[in-house]
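Protein chains in written order, with the numbering used here: chain A, 14 to 157; chain B, 13 to 606.
For reference, the structure discussed in these notes is given below.
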Amino acid sequence: MALKVELKPGERILVGEAVITNSEQRTRILIEGAAPILREKDIMTPDRADTPAKRIYLAVQLMYTSRDAKPHHELYFSLVRDIVQAAPSTWPSVELINNHILTGDLYKALKETKKLIAYEEELLRNAARGPSLRKSGKGDLQSP
Amino acid sequence: MASNITLSAGVRQNLLSLQSTASLMALTQNRLATGKKVNSALDNPGNFFTSQSLSNRASDLNALLDSIGQAQKTLEAADQGLTSLTKLVESAKSIAKQASQAALGSFTYDLSTANGTAAIGVDTVRSTSTATLASVAGTLTGAAAATARITEGSLAGLTNGQTITVQYGSGTTQTYTKGATFNAGTRTFTDASELQTLLGTDFGGGNVSSAGGFTTVRGTDFSTNFTVGGTGAAGQVDVDAVGGSTLTLNDGTNTATLRYVTSGASAAAGTFTTAAQLASAIASSSVSGSITGVDASGSVQLNSAAAFTVGGTVGSALGFSGSAYNTTNAGYNAALNGLTGALTLTVGSAAAQTITFGAGQNRTRAALTTSLAGIAGVGVAINGSNVIGFTGSSSDSLTIAGASGVLTGLGLTAGTTAPTSTLNTASSTRNSLQSDFNALLSQIDALAKDASYNGINLLYGDNLKVVFNENGTSSQTISGVKLDSSGLGLSAQASNAFQSNTTIDSVVSSIDAALSNLRTQASKFGSNLTTVQTRQDFTKNLITTLQTGADNLVLADTNEEGANLLALQTRQQLSSTALSLSAQADQAVLRLFG
């Protein structure tokens, strides 16, 4: 099962343990094999991981790209416990991520974590709006 | 009895608020007791059912964890089994090696299929003259018969009564007396002519002649001589022995004297002119039983089973030496005569050994026997059936090669023959090591059958299916192999197998293959075990998290959640979590995206 990737000029892509940078033209490449593949826009660097969900994304990404995922499991679990304790409505999302990791499909786990980041952003924006909405009790967002 | 208490509105209000406070208090107390904010579906249905499902999931995963644990134990049992099997197989190898170093039993190595088919007879004596009879005839004197010669003039001077005696060979000695009158009956003569008559009567008229003042009596063959005597013989009579060139042959018992004649050769009389006639004369002589003569294109070839001597003028003229001819200096062998070329014998990987046949080389049985005795590495000799026979002394093969004429003459075939080894006496050390080996194989069989856990034996062909999630969609099947002695390619050795190093060597190579197989299996199971253990650890952690999640459903408020997240965000920045996350990320290829 080969993956078709189209790269914009100058775009970078991570394949296995190498980083490939595209030339000044659009390129189409075909990648086969079991090596982890991540486009530049999907890569989370430590300095950008400033929220709990983004940190979880980074942990899952480390599991995906490293040869031995075991050392990253502990970190992942502590991050997951923290976020579920802080916001239990994130649990269903976390559940899906866990399932994907358990079955070994780390790419899907990353995709699911992206959704978690989006949900977290909503929650944070909601909190930042201020105390005026607290009176209603439930807020203008329903937990999924 | 019904209550008669009537309550006023005010009292009823107070009662109602007391009841609600009481129920609130009960609720709070309940919550405090369990530590959970959501105790029943009535408190907060959504969270309650989520919590329920989390707990259910946790118990499902617990059950799964048990089965993963069982799988892990099965793999561990297989791993231990493999370690023990490897030890046993290594023991088997050392037993086999010990056997190969033990002293061999005694074997006979039969190479008789390579034996020659041409019989080699006994050596005889053969000598051929270096010159033809015709070429030396000029130096020879034709034989002449013996004579007795009487001087006629001296007869007158004899006195009456004086005698002359003449004897031919061992015949009658005739006495002739000088007298006054001639008397044939008393052999009395008065003059030469009367004596001549008397001699003619006794010795044949044709043999007596008178010439040049001599009366000559001639012999009738070439071997008898005259003897003369008598009182009147001195000075009057002389004899000439038989003359002519002779060839004498002595076979150690008899001597034959054969005479060269210029004509009229007769085999019976032992006379000859040509080489063919000489051969016939030999055949009629006293040595005919031992010596045979052959006309070899005019040369004389003499053959005998035993030694003989050649003498006489004819003998030396023909070039025969005066000393005896025997099998050493004049040996002849019909099978070997005329063979020219080399015979090479190669034993195993040693250098080839060559026996050369030619004039003066290995043309007699005696010479060949000596040459064959010098061949190393294999016993080769002219055997009891008079052919060239080979006796192996080791398991090395024998390669025969050589000139085609030599091989045909000896009845040998070019090619390589491997000896047929027959065990005479088995080495008891080797046999006992062999039974030890077989006993080990039974132990290996027993061990392979025993390495099961929970009814699954990965070392006897059973497969193990490990399920990683609750609905069974993620799983792995680990295939077992049959690793008893036949599965490993090792079989019990039949009688006397370990007596041969070739057999032991092939057993050792099957053992090496088995060891390599065991190693491969061990590493396969090892990596399976690691995978299972990793999954197991992840599942354990997941269960803990689920349980934590189920217990900690404290908030129903998304605003509160948002606030909590903000606080968490700040907290994480300062915590060791963030530090270890960046430390781990740094080591990854992520730093290329820096």
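Glycine included, C-beta positions come from ideal geometry on N, C-alpha and C.
None of the values given here were measured: they were computed from a predicted structure.
* To do: For A/K67, count neighbouring Cβ atoms within 10 angstroms of its own Cβ and tell me buried if that reaches 16, exposed if not.
  => buried
* Could you tell me whether the Cβ atoms of B/G256 and B/T144 are closer together than 7 Å? => no
* Using only alpha-carbon positions, find the residue among B/Q511, B/I107, B/I400 and B/A504 that is nearest to B/I132. => B/I400
* Asked: Does any CB atom of chain A fall closer than 7 Å to the CB of B/N483?
  -> no
* Asked: Going along the chain, which unbroken runs of the alpha helix (DSSP H) with 4 or more residues stay wholly within the region 516-583 of chain B?
  -> none
* Asked: Roughly how many angstroms separate the alpha carbons of A/M57 and A/N139, rounded to a whole number?
  -> 24 Å
* To do: Check whether the Cβ of A/D55 lies closer than 7 Å to any Cβ atom in chain B.
  => no
* Asked: Among B/Q548, B/T557 and B/A579, which one has its Cα closest to the Cα of B/L77?
  -> B/Q548
* To do: Compare the C-beta of B/L76 against all C-beta atoms of chain A and say whether one is closer than 7 Å.
  => no
* To do: Spell out whether any CB of chain A is found under 7 Å from the CB atom of B/N553.
  => yes
* Closer than 7 Å by C-beta to B/T86: which residues in its own chain qualify, once you throw out the five before and the five after it? Chain order, please. => Y465, N466, I468, L470 and L476
* Asked: For A/F90, does the three-state DSSP call read helix, strand or coil?
  -> helix
* To do: Could you please give the first and the last residue of the uninterrupted beta strand (DSSP E) stretch that includes B/Q488?
  => S487 to I490
* Express the C-alpha separation of B/V478 and B/V544 in angstroms, rounding to a whole number. => 8 Å
* Asked: Distance, Cα to Cα, B/Q208 vs B/T227?
  -> 7 Å
* Asked: Mind listing which residues of the region 535-547 of chain B have their C-beta closer than 7 Å to chain A's C-betas, in chain order?
  -> T546
* To do: Verify the CB distance criterion: does B/L567 have a CB-CB separation below 7 Å to chain A?
  => Low per-residue confidence applies at B/L567: pLDDT is 46, beneath 50, and the placement is therefore not dependable, though the value from the model is reported in the following sentence. Chain A, which has a Cβ nearer than 7 Å to the Cβ of B/L567, makes this yes.
* Asked: Nearest chain A C-beta to B/Q581 closer than 7 Å, yes or no?
  -> yes
* In the DSSP assignment, find the alpha helix (DSSP H) that holds A/E78 and state where it starts and stops. => Here the sequence assigns Thr to residue 78 of chain A, which means Glu is not the residue at that position. Start and end: P65 to T78.
* To do: Grab the span of the alpha helix (DSSP H) containing A/K127 for me, first residue to last.
  => L119 to A141
* Asked: Are B/L170 and B/K190 close, meaning C-beta to C-beta below 7 Å?
  -> yes
* chain B beta carbons: is any one of them nearer than 7 Å to that of A/T116? -> yes
* To do: Sort B/I412, B/S433 and B/T125 by Cα distance to B/A426 and report the nearest one.
  => B/I412
* To do: Can you tell me the Cβ-Cβ gap for B/Q84 and B/L604, rounded? I've got them flagged as a contact below 8 Å.
  => That pair is no contact at about 38 Å.
* **Three-state class that DSSP yields for B/A597 in the structure shown** => helix
* To do: Can you tell me which of B/L453, B/N483 and B/A126 puts its alpha carbon nearest to the alpha carbon of B/G499?
  => B/L453
* Residue from A/I42, A/R80 and A/H86 whose Cα sits closest to the Cα of A/V73 -> A/H86
* A/R41, DSSP secondary structure in three states -> strand
* Name the residues in the region 24-37 of chain A whose C-beta lies less than 8 Å from a C-beta of chain B; which are they? -> R25, L27, E30, A31 and V32
* From B/S447, B/Q559 and B/V601, residue whose alpha carbon lies closest to that of B/A74 -> The question names Ala, but residue 74 of chain B in the sequence shown is Asn. With distances taken between Cα atoms, B/N74 lies closest to B/Q559.
* Should A/L16 be labelled buried (16 or more other beta-carbon atoms within 10 Å of its own) or exposed? -> exposed
* Asked: So, is B/S335 buried or exposed, given that buried needs 16 or more other C-beta atoms within 10 angstroms?
  -> exposed
* Taking buried to mean at least 16 other C-beta atoms within 10 Å of its own C-beta, is B/A89 buried or exposed? -> buried
* Are B/Q313 and B/T140 touching if we call contact CB-CB under 7 Å? -> yes
* Expressed to the nearest angstrom, what Euclidean distance is found between the alpha-carbon atoms of B/S328 and B/Y272? -> 13 Å
* Compute the Euclidean distance between the alpha carbons of B/T185 and B/V178, then round it to the nearest angstrom. => 6 Å
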